[in-house]
Amino acid sequence: MQNMELLNSEGPILRAIKYNSNRYDIIDQYNLLVDILNEQELQDFVHSDREIVDSKKRKFKYSSFPSSMKPDLKLLNEFIGMDSTEKK
Numbered sequence: 001m002q003n004m005e006l007l008n009s010e011g012p013i014l015r016a017i018k019y020n021s022n023r024y025d026i027i028d029q030y031n032l033l034v035d036i037l038n039e040q041e042l043q044d045f046v047h048s049d050r051e052i053v054d055s056k057k058r059k060f061k062y063s064s065f066p067s068s069m070k071p072d073l074k075l076l077n078e079f080i081g082m083d084s085t086e087k088k
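Position 59 of the sequence shown, counting from 1, maps to 59 under the UniProt record's numbering, and the rest follow consecutively.
(1) Compare the C-beta of GLN2 with all C-beta atoms of chain B and state if any pair is closer than 8 Å.
(2) Excluding sequence positions up to five away, which residues of its chain have a Cβ less than 7 Å from the Cβ of ASP35?
(3) Please classify ASP49 as buried or exposed, where buried requires at least 16 other C-beta atoms within 10 Å of its C-beta.
(4) Tell me whether the beta-carbon of ILE17 lies closer than 8 Å to the beta-carbon of ASN38.
(5) Can you give me the Cβ contacts of GLU41 inside the same chain, cut-off strictly under 6 Å, excluding the 5 residues immediately before and after it?
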């Protein structure tokens, strides 16, 4: 089991706990489970327009946050399971 902060502003706002490529628990800043995503759904949150709603009903769209609040993209892609060095 691994975990990574997805958004941080003076403390984690959203973090993901990885059990395997088919399960990522999304935990909010109140330490509550707010979503369970598979690999594709987590990729959609990070690289597309998917939103996550926290336990206080606030919507988070990853692309709307500055890079200073996000982990290094290469590390995040490795966490999700995307190989950023893979040749297509």
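Every residue gets a Cβ at the ideal spot worked out from N, C-alpha and C, and that includes glycine.
All figures in this text were calculated on a predicted structure; none of them were measured in a lab.
Taking the definition as stated:
(1) The chain labelled as chain B is not found in the depicted structure, where only one protein chain is given.
(2) Residues of the same chain with a CB within less than 7 Å of the CB of ASP35, apart from the 5 flanking positions on each side, are ILE26 and ILE52 in chain order.
(3) Counting C-beta atoms within 10 angstroms of its own C-beta, ASP49 has fewer than 16 neighbours from the protein chains shown and is therefore classed as exposed.
(4) Not closer than 8 Å, so no.
(5) Same-chain partners within the cutoff: there are none.
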